[in-house]
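All remarks here apply to the structure that follows.
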Amino acid sequence: MSAAYAVEALKLRRSRVVLVATVALALVPAGMARAFLAAAEQGGNDPASLKAQAMLPGPGWAGYLGGLVQIYATAGVVGVGIVVGWCFGREYADRTVVSLYASATPREDVARAKLVLLTAWATAVGVLVVAVALVVGVVTGLGVPDGEAARAVGRVALLAVLSGLLALPVALAASRGRGYLPAVGGLLVLVVVAQVATVAGAGGWWPWSAPAVWAMGPEAGMPEVPVSRLLLVPLVALVGAVATERWWRRAEVG
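Read in this note's numbering, the sequence shown has 179 at position 177, and its numbers run on one by one without any break.
Next up, the structure:
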């Protein structure tokens with residue numbers, strides 16, 4: 003492992019931001035989805051029950067996983083985006099970026115190490131989310147997933163991984179803006195535009211909403227999205243990564 007990867011891996015491993023984000027992403031979406039299902043199953047007329055009934059596509063595993071898709075479609079991008087923004091923005095906020103200009107390790111190598119490790123972390127978190135969701139479903143009485151539920155689990159897994167990739171362009175906002183706040187602002191813009199695109203009927207073409215529209219599917223009232231269109235996601239992630247790496251190679255100390 004090169005020096006850049008070793009140092010960045012150590013930063014991620016010791017970071018409380020990464021730890022909190024990992025725990026929150028693994029536990030909160032599954033817990034919320036199960037709570038929504040419980041509220042829907044009660045069949046009450048209170049606002050929470052009515053909202054849950056309208057939100058979930060059905061009972062049992064179908065409703066639980068459908069709720070998880072809707073929650074994680076936003077939570078995944080936001081959670082991973084916060085970590086990406088922290089990883090790049092802290093170098094400017096803490097002024098540690100100055101030392102990188104005197105280091106023997108090229109700055110673009112540092113940026114590349116950050117991006118590779120963040121991609122690996124986000125993918126691992128996506129897998130963890132699915133594992134926790136399965137455990138929560140089984141231990142709370144939903145039973146063992148059947149064939150249809152297993153296919154839904156596969157959609158959740160792919161959504162979770164793609165959500166992590168969609169957060170990578172936040173690194174460019176943090177780098178160009180030289181701090182945390184531009185990263186947060188860029189993240190909010192991505193999330194809001196994704197919501198607007200979905201409401202406007204163009205969610206299947208906007209990379210930050212296409213995975214969620216595909217995962218929810220026609221059964222949730224969404225237009226059918228071909229799997230091939232999900233290739234927009236790694237393309238966007240790659241463009242963001244290349245642009246970020248190029249910025250770090252050319253940027254001057256601000």
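Quick reminder that beta carbons are idealized off the backbone N, C-alpha and C, glycines included.
Handout entry: Validate contact between the stretch 118-125 and the stretch 201-216 using beta carbons, cut 8 Å, 3 pairs
Key = When Cβ pairs closer than 8 Å are counted between the two stretches, the stretch 118-125 is seen not to touch the stretch 201-216, the count staying below three.
Handout entry: Cβ-Cβ distance between GLY78 and GLY166 below 8 Å
Key = Looking up residue 78 in the sequence shown gives position 76. Looking up residue 166 in the sequence shown gives position 164. Contact flag set, yes.
Practice task
State the start and end residues of the unbroken alpha helix (DSSP H) segment that holds VAL149.
Solution key: As a working note, residue 149 is residue 147 in the sequence shown. Looking at the sequence itself, residue 149 is Gly, so the reference to Val does not match. GLY149 -> alpha helix (DSSP H) spans 149-168.
Problem - N-terminal and C-terminal residue of the alpha helix (DSSP H) that THR246 is part of - result: On the sequence shown, position 244 is the one that residue 246 refers to. Counting along the chain, the alpha helix (DSSP H) containing THR246 begins and ends at 234-252.
Practice task
Give a yes or no on whether the C-beta atoms belonging to VAL138 and GLY33 are separated by under 8 Å.
Solution key: Numbered from 1 along the sequence shown, position 136 holds the residue referred to as residue 138. Numbered from 1 along the sequence shown, position 31 holds the residue referred to as residue 33. At a Cβ-Cβ threshold of 8 Å, VAL138 and GLY33 count as neighbours.
Practice task
From the DSSP output, in three-state form, read off PRO31 for me.
Solution key: To locate residue 31, count along the sequence shown from 1; it is residue 29. Helix.
Handout entry: Given LEU12 as reference, the closest of ALA152, VAL71 and CYS89 once Cα atoms are compared
Key = One-based indexing of the sequence shown puts residue 12 at position 10. Comparing Cα positions, the closest option is CYS89.
Exercise for the section: Inspect the beta-carbon positions of GLY223 and VAL215 and report whether they are closer than 8 Å. Expected result: As a first step, residue 223 must be located in the sequence shown, where it is residue number 221. As a first step, residue 215 must be located in the sequence shown, where it is residue number 213. No, the pair does not count as a contact, with Cβ atoms beyond the cut-off.
Exercise for the section: With a cut-off of 8 Å on the beta carbons, I'd call PRO31 and LEU70 a contact; round off their distance for me. Expected result: On the sequence shown, residue 31 is found 29 positions in, with the first residue counted as 1. On the sequence shown, residue 70 is found 68 positions in, with the first residue counted as 1. About 6 Å; that satisfies the 8 Å criterion.
Exercise for the section: Using 10 angstroms around the beta-carbon of ARG18, count the other beta-carbons present and answer buried if the total reaches 16, otherwise exposed. Expected result: Taking the first residue of the sequence shown as position 1, residue 18 is located at position 16. It counts as exposed.
Handout entry: Exposure label - THR246; buried when at least 16 CB within 10 Å
Key = Taking the sequence shown and counting its residues from 1, one reaches residue 246 at position 244. Looking at its Cβ environment, which holds 16 or more other Cβ atoms inside 10 Å, THR246 is buried.
Exercise for the section: Find out if the Cβ-Cβ distance for the pair LEU164, VAL235 is shorter than 8 Å. Expected result: Looking up residue 164 in the sequence shown gives position 162. Looking up residue 235 in the sequence shown gives position 233. Going by C-beta atoms, LEU164 is nearer than 8 Å to VAL235.
Exercise for the section: With a cut-off of 8 Å on the beta carbons, I'd call ALA173 and LEU117 a contact; round off their distance for me. Expected result: If you number the sequence shown from 1, residue 173 lands on position 171. If you number the sequence shown from 1, residue 117 lands on position 115. At roughly 7 Å, the Cβ-Cβ gap stays under 8 Å, so ALA173 and LEU117 are in contact.
Handout entry: Expected contact under 8 Å - CB spacing of ALA41 and ALA54 to nearest Å
Key = The count along the sequence shown starts at 1 and reaches residue 41 at position 39. The count along the sequence shown starts at 1 and reaches residue 54 at position 52. Correct: roughly 4 Å between the Cβ atoms.
Handout entry: Start-to-end residues for the alpha helix (DSSP H) that takes in ALA175
Key = Mapped onto the sequence shown, residue 175 falls at position 173. First-last of the alpha helix (DSSP H) with ALA175: 172-179.
Problem - Unbroken alpha helix (DSSP H) run spanning PRO220, endpoints - result: Translated into the one-based positions of the sequence shown, residue 220 becomes position 218. Note, PRO220: premise wrong, no alpha helix (DSSP H); not H, not E.
Problem - Whether LEU27 touches VAL131 by CB criterion (8 Å) - result: Here residue 27 refers to the residue found at position 25 of the sequence shown. Here residue 131 refers to the residue found at position 129 of the sequence shown. In this structure, VAL131 lies closer than 8 Å to LEU27 by Cβ.
Handout entry: Test item: CB-CB of LEU94 and ARG16 under 8 Å
Key = Within the sequence shown, residue 94 is the residue found at index 92, counting from 1. Within the sequence shown, residue 16 is the residue found at index 14, counting from 1. Going by the sequence as given, residue 94 is Tyr instead of Leu. Taking 8 Å as the Cβ cut-off, TYR94 and ARG16 do not qualify as a contacting pair.
Problem - Inter-residue Cα distance where the pair is GLN44 and ARG92 - result: Here residue 44 refers to the residue found at position 42 when the sequence shown is read from its first residue. Here residue 92 refers to the residue found at position 90 when the sequence shown is read from its first residue. The straight-line gap from Cα to Cα measures roughly 46 Å.
Problem - Closest Cα partner of GLY62 within the set ARG248, GLY203 and THR142 - result: Here residue 62 is taken as the residue at index 60 of the sequence shown, counted from 1. The residue with the shortest Cα to Cα distance from GLY62 is THR142.
Problem - Close-in-space but distant-in-sequence residues of the same chain around GLU110 (CB under 8 Å, 5 per side omitted) - result: Taking the first residue of the sequence shown as 1, we reach residue 110 at position 108. GLU247, ARG248, TRP250 and ARG251, listed in sequence order.
Exercise for the section: For ALA253, collect the residues of the same chain with a Cβ closer than 6 Å to its Cβ; drop the 5 residues on either side in sequence, then sort them by chain order. Expected result: Within the sequence shown, residue 253 is the residue found at index 251, counting from 1. For ALA253, where only same-chain residues beyond five positions count, there are no Cβ hits under 6 Å.
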